[in-house]
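The numbers in full-length UniProt numbering rise by one with no breaks, and the one at position 689 of the sequence shown is 689.
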Amino acid sequence: MPRQKSILSFFQKPSLPSQSSDAGERTDGPQAPLFSAKQHNQNVSQPAIHGLVDSSIEIRGTDTPPEKVPRQILPVNIKENEEAKVASLFSSIMHKFVKVDDREKPNGRNQVHSANVCSTSVTFTIPKELPQQGMDTLYSEKDNGFSSSGMVDQTSVLNIESVNDVPGPHTPGMRPLVPRLKRILEDVPKFEDKNGCSFLNSSKRVKPLKDSASLIKNHEEISNSTSKFEWLDPAQIRDANGRRPNDPLYDKKTLYLPPDALKKMSASQKQYWTVKSQYMDVLLFFKVGKFYELYELDAEIGHKELDWKMTFSGVGKCRQVGISESGIDDAVEKLVARGYKVGRVEQLETSDQAKSRGANSVIQRKLVQVVTPSTTTDHNMGPDAVHLLAIKEGNYGVDDGATAYGFAFVDCAALRVWVGSINDDASHAALGALLMQISPKEVIYENRELSRGAQKELRKYSLIGSTTLQLSPVLPGTDFVDASEVKNLIQSKDYFKWSSNPWNHALDSIMHQDISLCALGGLIGHLSRLMFDDVLRNADILPYQVYKGCLRMDGQTLVNLEIFSNSADGGSSGTLFNYLDNCVTSSGKRLLRNWICHPLKHVEGINNRLDVIENLMARSEIMLIIAQYLRKLPDLERMLGRVKVSFQASGSLALPLISKKLLKQRVKVFGSLVKGLRNGMDLLLLLLKEEQLISSLSKNFKLPELLGSNGLEKFLVQFEAAVDSEFPNYQNRDVTDSEAGMLSVLIELFIEKAAQWVEVIHAINCIDVLRSFAVTASMSCGAMCRPVILPDSKAISFCEGEGGPVLKIKGLWHPFALGENGLPVPNDVFLGEDSDSQHPRTVLLTGPNMGGKSTLLRATCLAVILAQLGCFIPGEKCVLSLADIIFTRLGATDRIMTGESKL
Numbered sequence: 001m002p003r004q005k006s007i008l009s010f011f012q013k014p015s016l017p018s019q020s021s022d023a024g025e026r027t028d029g030p031q032a033p034l035f036s037a038k039q040h041n042q043n044v045s046q047p048a049i050h051g052l053v054d055s056s057i058e059i060r061g062t063d064t065p066p067e068k069v070p071r072q073i074l075p076v077n078i079k080e081n082e083e084a085k086v087a088s089l090f091s092s093i094m095h096k097f098v099k100v101d102d103r104e105k106p107n108g109r110n111q112v113h114s115a116n117v118c119s120t121s122v123t124f125t126i127p128k129e130l131p132q133q134g135m136d137t138l139y140s141e142k143d144n145g146f147s148s149s150g151m152v153d154q155t156s157v158l159n160i161e162s163v164n165d166v167p168g169p170h171t172p173g174m175r176p177l178v179p180r181l182k183r184i185l186e187d188v189p190k191f192e193d194k195n196g197c198s199f200l201n202s203s204k205r206v207k208p209l210k211d212s213a214s215l216i217k218n219h220e221e222i223s224n225s226t227s228k229f230e231w232l233d234p235a236q237i238r239d240a241n242g243r244r245p246n247d248p249l250y251d252k253k254t255l256y257l258p259p260d261a262l263k264k265m266s267a268s269q270k271q272y273w274t275v276k277s278q279y280m281d282v283l284l285f286f287k288v289g290k291f292y293e294l295y296e297l298d299a300e301i302g303h304k305e306l307d308w309k310m311t312f313s314g315v316g317k318c319r320q321v322g323i324s325e326s327g328i329d330d331a332v333e334k335l336v337a338r339g340y341k342v343g344r345v346e347q348l349e350t351s352d353q354a355k356s357r358g359a360n361s362v363i364q365r366k367l368v369q370v371v372t373p374s375t376t377t378d379h380n381m382g383p384d385a386v387h388l389l390a391i392k393e394g395n396y397g398v399d400d401g402a403t404a405y406g407f408a409f410v411d412c413a414a415l416r417v418w419v420g421s422i423n424d425d426a427s428h429a430a431l432g433a434l435l436m437q438i439s440p441k442e443v444i445y446e447n448r449e450l451s452r453g454a455q456k457e458l459r460k461y462s463l464i465g466s467t468t469l470q471l472s473p474v475l476p477g478t479d480f481v482d483a484s485e486v487k488n489l490i491q492s493k494d495y496f497k498w499s500s501n502p503w504n505h506a507l508d509s510i511m512h513q514d515i516s517l518c519a520l521g522g523l524i525g526h527l528s529r530l531m532f533d534d535v536l537r538n539a540d541i542l543p544y545q546v547y548k549g550c551l552r553m554d555g556q557t558l559v560n561l562e563i564f565s566n567s568a569d570g571g572s573s574g575t576l577f578n579y580l581d582n583c584v585t586s587s588g589k590r591l592l593r594n595w596i597c598h599p600l601k602h603v604e605g606i607n608n609r610l611d612v613i614e615n616l617m618a619r620s621e622i623m624l625i626i627a628q629y630l631r632k633l634p635d636l637e638r639m640l641g642r643v644k645v646s647f648q649a650s651g652s653l654a655l656p657l658i659s660k661k662l663l664k665q666r667v668k669v670f671g672s673l674v675k676g677l678r679n680g681m682d683l684l685l686l687l688l689k690e691e692q693l694i695s696s697l698s699k700n701f702k703l704p705e706l707l708g709s710n711g712l713e714k715f716l717v718q719f720e721a722a723v724d725s726e727f728p729n730y731q732n733r734d735v736t737d738s739e740a741g742m743l744s745v746l747i748e749l750f751i752e753k754a755a756q757w758v759e760v761i762h763a764i765n766c767i768d769v770l771r772s773f774a775v776t777a778s779m780s781c782g783a784m785c786r787p788v789i790l791p792d793s794k795a796i797s798f799c800e801g802e803g804g805p806v807l808k809i810k811g812l813w814h815p816f817a818l819g820e821n822g823l824p825v826p827n828d829v830f831l832g833e834d835s836d837s838q839h840p841r842t843v844l845l846t847g848p849n850m851g852g853k854s855t856l857l858r859a860t861c862l863a864v865i866l867a868q869l870g871c872f873i874p875g876e877k878c879v880l881s882l883a884d885i886i887f888t889r890l891g892a893t894d895r896i897m898t899g900e901s902k903l
């Protein structure tokens, strides 16, 4: 028996001739004939289908957009004696061109006035490529479930209706492909009437679909659950103060819960919505047994981002998605990587413990911590620093037309907070420099207190680079409080209690202390809301200077010179950072970025770095040994931060259901830190034997006492022995209660020398960066030379006849604008007076487009930056005076790496 060729045959029974009905004729306007001018009608009888269906049902195959004008289709030549022939190729795909529509229309096409019979209106298209002889089976009752009341005129045509005011459906190329079975499952509810009569009842081929009744029921419930909570409806939603979203003071972080709704909720519902109403901007995982669940709006995000199946259950029978305990960490990591804030409401007890308090007792739960893209401390976060910035604008003690900004930012992984202030003008150059230097993931500011120009600058720099900058305005007066209130808050909460420096000493060198404290208050308020109080208590607080003591480069200069991101795709290829980055450790890469942002302005410091580079280049075997030791090191800086934050962090360990997991992570981090410091200590002890090298290295950083009775070496040996004896398998060890006490004692003793460990880690980072400079100079494909920095006394005076600043570079070439034929053409640059001759201090460079003007200008600026970083520069000879500032003209956006000139 031939296989069924049409999906409609699955749903239809053979009809009797008496049940057919003649098709009506179009009355909505003349229809041009497609193949014949004689025939304008088509008379196709309609099969009778047993069972009642809704009048809006449409059975669709593969939808295609409607045509603007009727399309011509091959003439249909059907003979009675050809109905028994073998089905053609077209009959197997005929269902893709069938549209069944029983909706009543005023013009009355194919109307059937019967209460017990379902009628269908069939319109389909026939490809021209198909053979005409294949049309004999088009209306075959046997193969396709259609019956004919008589002969169909051989010259009849099939028309496609043109509906201009209705948008066409998506084609498969415009939407994801959906399997046929899934489409049938989704459409099953549409074919059933109130009496349970269904097309599916007439076919044994789809009998398994009856077993999916529960799936269909869930699908119906989910689709109708949008109105489960009226106060979540966008037309009715309000914040905690009852404000609508169109109100300027609307707080999108909160939600208004009607008192009547709370009364009707169960105890677990109240637990969830009480927390959720204060964290509407956070995806909230709610712990239920051994699962973490997302509800309502959060469930939609979980379904969209992680493709989790949405069901209609959970707390209060609402939309929910969930995952087991074993997969929660990966789920949180994925959601945070996609820019979401994620929190966990953990159980404080088991169900048995809750029942022991009473039969009607509810399991106690608590919001533990909220993780955001700007506060993540995950070990897979990459080498780049992750900063959260709070900024406050003010006009305290500045000149007319100028603006002062106070700021504070935090690196939660490294456990450090910086605070400072800047003076800026209408160009917002200093604000741009701050944003480019620290590259924050998120910026917090007062919505109505920050000027439009500053907000425009934030949006401008949010589009630069490959990372996304999230702007988070807050309502005035919420987190950014007065300086006096911030001081009282710090003292009452014991924030920065374990900082290596007193928190008020960090403000001594800041010009505008009041607005800096306001910014710090905004940062503290944000972190406290996210449950990062342990970070605030244990973090080191330090002052931050944007320009002081370094070569000044504003934000636009850093962009135009492509210091950190290129102008093509925002990536790091073709940038100065990428050119210099041969660092091995992650913390070394972060220090390199900080050095590039702050080139030195004192000759001694520059020469100290150059001496180390020369010594390393002369001892290539030492560079190889250093690299071998550095490759064994984990991210010591972040590990030390995680160990410090675990000290005095008893809140998380008070949760019995997650304390074991936290202790297991804590043992792993502490053991890895001790073993990593052992490798770093071995490197330092090895370099101590190289007297000449360690002599030059020690001028670039401060080393604590390593050897002797009070040396760190002896101290570290004791911790190694303790880890080996107490936690031999520290990488994957379940900690008992007795071992947890031992671990706390070890961490407390280790933290006592936290300042010395910070110095050791900083020394290792400096060695990594200086080695990177040496590798860049030794592996260069062109000439490299050590710059000669003139003493300040020879470049102070600008009076005529007494000399002045000098910039003399011979054979200068752009360090990373390499063409197909190798190095670009070298150039000589002579500015200012030297011992040999006198040259002008200013040069006006002219030439044709694509003649190399911008390349030479950029190469000159980069050479000055490299020289004051303490690097070798690309050229044969270089003598220069210290530069104070580098300007670049607005719009200098050449794409050197792609060979494109000014845009």
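Think of the CB as a built atom: it goes at the ideal place given N, C-alpha and C, for glycine as much as any other residue.
| Asked | Found |
| --- | --- |
| Could you tell me the boundaries of the beta strand (DSSP E) in which Asn-582 lies? | Careful: Asn-582 lies outside any beta strand (DSSP E) and carries neither H nor E. |
| Which residue's Cα is closest to the Cα of Leu-770: Ile-622, Lys-689, Arg-841? | Ile-622 |
| In this structure, how does DSSP classify Trp-418 when only helix, strand and coil are distinguished? | strand |
| State whether the segment 747–758 contacts the segment 571–583, with contact taken as three or more CB pairs (one from each stretch) at a distance under 8 Å. | no |
| What does a CB cutoff of less than 6 Å around Phe-496 pick up in its chain, not counting 5 residues either side in sequence? | Trp-503, Ile-541 |
| Short check: CB of residue 904 to CB of Gln-470, under 9 Å? | Because the chain is modelled from 1 through 903, residue 904 falls outside the range shown and cannot be assessed. |
| Ignore the nearest five residues each way along the sequence and tell me which others in Thr-377's own chain have a CB closer than 7 Å to its CB. | Cys-412, Ala-413, Arg-642 |
| Quick one, which of Val-321, Lys-290, Phe-291, Arg-244 has its alpha-carbon nearest Lys-304's? | Val-321 |
| Near Asn-241, which residues of its chain fall below 8 Å by C-beta distance, leaving aside the five closest residues on each side in sequence? | Leu-249, Asp-251, Thr-254, Tyr-256 |
| Tell me which residues share the same chain as Lys-228 and place their Cβ nearer than 6 Å to its Cβ, disregarding the 5 neighbours each side in the sequence. | Cys-318 |
| How is the alpha helix (DSSP H) around Gly-272 delimited, first residue to last? | Gly is not the amino acid found at residue 272; the sequence shown has Tyr there. It spans 267–276 - the alpha helix (DSSP H) in which Tyr-272 sits, taken as one unbroken run. |
| Less than 6 Å between C-beta atoms, sequence neighbours within five positions excluded: which residues of the same chain meet that for Ala-408? | Ala-390, Val-419, Ala-519, Leu-520, Leu-523 |
| Counting pairs of beta carbons, one from the segment 599–615 and one from the segment 771–790, are three or more of them closer than 8 Å? | yes |
| Under the rule that 16 or more other beta-carbon atoms within 10 Å means buried, what is Lys-702, buried or exposed? | exposed |
| Starting from the Cα of Tyr-629, find the closest Cα among Gln-269, Leu-431, Thr-585, Arg-357 and give me that residue. | Thr-585 |
| Whole angstroms is fine: what's the gap from Glu-296's alpha carbon to Ser-361's? | 25 Å |
| Let me know the secondary structure DSSP gives Glu-300 once reduced to three states. | helix |
| Using only the alpha-carbon positions, how far apart do Pro-311 and Val-474 sit? | This sequence places Thr at residue 311; Pro is not what is there. Taking the straight line from one Cα to the other gives about 35 Å. |
| How would you write the range of the alpha helix (DSSP H) that Arg-642 sits in, first residue to last? | 636–646 |
| For Pro-791, name the three-state secondary structure that DSSP assigns. | coil |
| Exposed or buried, what is Asp-239 when buried is set at 16 or more other beta-carbons lying within 10 Å of its beta-carbon? | buried |
| What are the boundary residues of the beta strand (DSSP E) that includes Lys-877? | 877–880 |
| How would you write the range of the alpha helix (DSSP H) that Asp-724 sits in, first residue to last? | 712–726 |
| Pairs of beta-carbons, one from the segment 803–818 and one from the segment 665–685, closer than 8 Å: are there three or more? | no |
| Could you check which residue in Ile-767, Thr-846, Pro-259, Asn-423 has the C-alpha nearest to that of Ile-613? | Ile-767 |
| To the nearest angstrom, how far is the alpha carbon of Asp-330 from that of Ala-337? | 11 Å |
| Figure out for me which residue from Thr-478, Gly-870, Glu-485, Pro-440 has the closest Cα to the Cα of Leu-463. | Pro-440 |
| What does DSSP give as the partner residue(s) for Thr-403 in the beta ladder? | Asp-424 |
| Any idea if Phe-887 is buried or exposed, counting beta-carbon neighbours within 10 angstroms, 16 or more meaning buried? | exposed |
| From the DSSP output, in three-state form, read off Pro-259 for me. | helix |
| Suppose you measure from the CA of Asp-884 to the CA of Val-864; what does that come to, to the nearest Å? | 10 Å |
| State the DSSP-derived secondary structure class of Thr-860, mapped to helix, strand or coil. | helix |
| Given a threshold of 16 other Cβ atoms within 10 Å of its Cβ, counted over all protein chains shown, does Cys-871 qualify as buried or as exposed? | buried |
| Under the three-state reduction of DSSP, which class applies to Cys-597: helix, strand or coil? | helix |
| Roughly how many whole angstroms lie between the Cα atoms of Ala-426 and Leu-831? | 31 Å |
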